[in-house]
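Please read the structure below before turning to the comments.
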């Protein structure tokens with residue numbers, strides 16, 4: 409009987425861990441995003457790292473050509489709409505699978521271009537397709 413209780417407790421703990429893992433995979437926004445920003449016909453590569461803790465997003469943005477990374481000042485998601493604020497720019501985009509694309513404006517609201525990013529998924533080492 410004692411063994412059965414231990415087995416049941418371990419099975420329950422495994423289910424709880426699995427449901428938490430499934431829950432974290434439901435949010436497609438956290439992770440590493442790479443792509444381009446097109447400002448008035450001038451394209452530059454960029455990278456955005458997004459973290460999610462306790463329902464809040466944070467991140468850092470970096471031009472891959474010449475600019476050091478800067479912290480994202482504000483980041484919100486509502487369904488598939490994503491709003492990212494930097495010191496001088498505002499990105500408004502839509503999530504579609506592993507793609508995040510939309511418009512870029514300056515803080516005053518004047519449009520300055522567009523952006524397109526692709527989410528880099530972690531490399532799976534599990535033959536079943538899951539992450540380790």
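Numbering (this note's numbering), first residue to last: 409 to 540.
We treat Cβ as the ideally placed atom computed from N, Cα and C, and that holds for glycine.
The three-state secondary structure of residue 515, taken from DSSP, is coil. Distance check between residue 443 and each of 436, 461 and 507 places 507 closest, using alpha-carbon atoms only. The Cβ neighbour count for residue 472, taken over all protein chains shown within 10 Å, is under 16; the residue is labelled exposed. About 7 Å separates the Cβ atoms of residue 522 and residue 510, confirming a contact at the 8 Å cut-off. Here residue 463 is actually not in contact with residue 527; their C-beta atoms are around 20 Å apart, not less than 8 Å.
The alpha-carbon separation between residue 452 and residue 478 amounts to approximately 16 Å.
For residue 485, the enclosing beta strand (DSSP E) has its first and last residue at 482–486. Exposed is the label assigned to residue 450, since fewer than 16 other Cβ atoms lie within 10 Å of its Cβ. Looking at the backbone, the Cα of residue 435 and that of residue 519 are separated by about 28 Å. A Cβ-Cβ distance of about 11 Å is found for the pair residue 483 and residue 501, leaving them out of contact under the 8 Å criterion.
For residue 494, there is no enclosing beta strand (DSSP E), since its DSSP letter is neither H nor E.
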